[in-house]
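Per the numbering used here, residue 2 is the first one in the sequence shown, and the count goes up by one each step.
Don't be surprised by glycine CBs; every beta carbon is placed ideally from N, CA and C.
The structure appears below as structure tokens.
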Amino acid sequence: MVLYNIKTAYSRAACLKGKRMEKPVLMRLENVSKQYQMGEVVVEALKETSLNIYEGEILVIVGPSGSGKSTLLNLVGGMDKPSSGQIFFNGKELSLASDQDLTMYRRQEIGFVFQFYNLIPDLTAAENVALAAELVEESLMIDDALHGVGLLERSQHFPAQLSGGEQQRVSIARALVKKPRFLLCDEPTGALDYQTGKSILGLLDRVKRELGSTVVIVTHNTAIAAMAERVIRMRSGEIIEILVNENPLPPERIEW
Ligand code: ADP
Ligand code: MG
2 MVLYNIKTAY
12 SRAACLKGKR
22 MEKPVLMRLE
32 NVSKQYQMGE
42 VVVEALKETS
52 LNIYEGEILV
62 IVGPSGSGKS
72 TLLNLVGGMD
82 KPSSGQIFFN
92 GKELSLASDQ
102 DLTMYRRQEI
112 GFVFQFYNLI
122 PDLTAAENVA
132 LAAELVEESL
142 MIDDALHGVG
152 LLERSQHFPA
162 QLSGGEQQRV
172 SIARALVKKP
182 RFLLCDEPTG
192 ALDYQTGKSI
202 LGLLDRVKRE
212 LGSTVVIVTH
222 NTAIAAMAER
232 VIRMRSGEII
242 EILVNENPLP
252 PERIEW
């Protein structure tokens, strides 16, 4: 069943193998590994992985649970450091950065969208967004970010007063208010119904188009691959395939 889904998603997206991107490289991972020590056991979450991420692309990472998708995303986002290998961002070696530099990198360059939104429950929508805006020198206006996700009229509501889809829209506003170079999304539609999920994908696509952010989406849902310019398939801590999609579909035309 899963294989069937992958095949239809890829053929619908007319993915072509082995084609190079012409955009500038924003990040390069070289032979990056990540191990976790669990008592006596070493878990190899990511094995000798090399990858370019190009400026302004939408990159979708698919693969079964436990295949290393979140580990890869967290390394890209500076939330974690590799056990070995090198990561270059804009030509600078991120894998050598001090904790302080890594914090600055996360603040300045990264917007993160999580499956379960991770909003601060006792702050309003506007306050959640404002907190992120304060982290950068030049942010969007809070109201503009909330307007962008269609939630300006809910700005004084607390997360518990919002639906799942609305909370995810606030979390996207929180990410985009920083005008991030990277918008990193870990299962952003995983907790949402079909229509709401599609509207969230539409917003991610708009952030890419309007702010020029590079968007990386980790997902179980192989249909989402159809909106990507490139699709990475992972298995057991390794990238087993990278596909280039010549004709990404607008999110509203994706079906699953
Ligand atoms: P995915 O996102 O594809 O489901 P993950 O990147 O979360 O996969 O996990 C890859 C492997 O690394 C899994 O075996 C997982 O249990 C393990 N792992 C991830 N994070 C940690 C951690 N903080 N401590 C120990 N093991 C971890
Ligand atoms: Mg994960």
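Residue i Cβ short of 7 Å to the ligand MG heavy atom set
i: residue 187; result: yes
i: residue 35; result: no
i: residue 172; result: no
i: residue 71; result: yes
Closer than 7 Å: residue i CB and nearest the ligand ZN heavy atom
i: residue 219; result: Inclusion of the ligand ZN in the displayed structure is not the case, the ligand content consisting of the ligand ADP and the ligand MG alone.
Classification of residue i by the beta-carbon crowding that lies within 10 angstroms, buried from 16 upward
i: residue 68; result: buried
i: residue 102; result: exposed
i: residue 2; result: Any reading at residue 2 must be qualified, since the residue scores a pLDDT of 29, below 50, and its modelled position is unreliable; the value itself is stated next. Residue 2 comes out exposed.
i: residue 187; result: buried
i: residue 39; result: exposed
i: residue 149; result: buried
i: residue 241; result: exposed
i: residue 104; result: exposed
i: residue 19; result: Low per-residue confidence applies at residue 19: pLDDT is 48, beneath 50, and the placement is therefore not dependable enough to give any value.
i: residue 118; result: buried
i: residue 142; result: exposed
Opening and closing residue of the beta strand (DSSP E) in which residue i lies
i: residue 155; result: Careful: residue 155 lies outside any beta strand (DSSP E) and carries neither H nor E.
i: residue 61; result: 59–63
i: residue 110; result: Counting along the chain, residue 110 falls outside any beta strand (DSSP E), though it belongs to the alpha helix (DSSP H) covering 100–110.
i: residue 46; result: 42–55
i: residue 190; result: Where residue 190 is concerned, there is no enclosing beta strand (DSSP E), given that its DSSP letter is neither H nor E.
i: residue 35; result: 26–39
i: residue 219; result: 215–220
Any non-hydrogen atom of the ligand ADP within 7 Å of residue i CB
i: residue 46; result: yes
i: residue 84; result: no
i: residue 228; result: no
i: residue 67; result: yes
i: residue 64; result: yes
Residue i, enclosing alpha helix (DSSP H) - first and last residue
i: residue 176; result: 165–177
i: residue 201; result: 195–212
i: residue 70; result: 70–77
i: residue 128; result: 126–134
For residue i, the three-state DSSP class (helix, strand or coil)
i: residue 86; result: strand
i: residue 9; result: Its pLDDT being 38, under 50, residue 9 is placed unreliably by the model, and the measurement read from it follows with that caveat. DSSP places residue 9 in helix when its eight states are reduced to three.
i: residue 95; result: helix
i: residue 185; result: strand
i: residue 254; result: helix
i: residue 23; result: coil
As an exercise, report each continuous beta strand (DSSP E) stretch of at least 3 residues that is fully enclosed by the stretch 224–252, in chain order. Fully enclosed beta strand (DSSP E) runs of 3 or longer: 231–236, 239–246.
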